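In what follows, a structure is listed as C-alpha cells, so that the remarks can point back to it.
In my numbering, the protein residues as written are 82 to 284.
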C-alpha cells in the first residue's frame, strides 16, 4: 500500500497479453526516480549539507537545505514516486487497473482497441504494445528519462525473461538458483541426522 509493486498475477496477465497480441516484450528503468517524485507539501525536512554540497552551492556555515521532494532512504520516497508516475501515465491516456494499482492499459481513444500494457515495480517497468503505444512510451521517457531500455531478453525483478520468435515468453530463475550458496553441514552434525534442528540451522 505504501510502496505498490506489480503483483504476481498481474505480471502473468501482462505477459500473456503481450504474447497473445504479438507485441514485443520490453523493459525500462527510470533514472533517479525518487528524486522525481511528487513534492512533499505537508512536511519540511531540513538537513545539514555535506561538505561537497556546501562548496557547490557556496553555502554559509549557518545555512541548511530544505528537501523539496523524496530521496533514497526516506520511507515515503517510493510512494511519492509512484504517485508522480501514475499521474503522468494517466495524463498520457493510460487506465489504471482496478485490481492492481501498478498495472496500466492503453486503449485507442478512437475505437477503444487495446494498444498496450505497462506494469510497474517501483522504478522498473515491463511493457509491450503497438506503434501508438510506443509513441506514448516515448512521451513518458521525455518526462522521466529512462536509464536503460531492453527488448525481448532481460531480467525483471530477479526473473530472466526471453521472448521467442513466436512471441511466447520463457521465464527462468536458474541463474538465481545457481547463485545460492549450498548449506554447509559440519561432519559432527552429519553423524546425528535425527537430532532436533537448532535455531541457527532453522535460520
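Backbone N, C-alpha and C define an ideal beta-carbon position, used for all residues, glycine too.
Because the structure is a prediction, the values reported are computed rather than measured.
Simplified DSSP state of residue i, which is helix, strand or coil
i, result
"residue 108", "strand"
"residue 201", "strand"
"residue 177", "strand"
"residue 255", "helix"
"residue 245", "coil"
"residue 95", "helix"
"residue 196", "strand"
"residue 101", "helix"
"residue 284", "coil"
Beta-bridge pairing of residue i - partner residues as DSSP gives them
i, result
"residue 264", "None, per the DSSP bridge assignment."
"residue 206", "109 and 201"
"residue 191", "DSSP output for residue 191 lists no bridge partner at all."
"residue 184", "200"
"residue 236", "241"
"residue 250", "244"
Boundaries (first-last residue) of the alpha helix (DSSP H) holding residue i
i, result
"residue 216", "212-224"
"residue 163", "158-172"
"residue 129", "From DSSP, residue 129 is part of no alpha helix (DSSP H); its letter is neither H nor E."
CB of residue i within 8 Å of CB of residue j, strictly
i, j, result
"residue 107", "residue 272", "no"
"residue 205", "residue 110", "yes"
"residue 208", "residue 193", "no"
"residue 248", "residue 103", "yes"
"residue 87", "residue 201", "yes"
"residue 185", "residue 175", "yes"
"residue 140", "residue 132", "no"
Pair every Cβ in the stretch 215-227 with every Cβ in the stretch 168-183, then say whether three or more of these pairs are closer than 8 Å. yes
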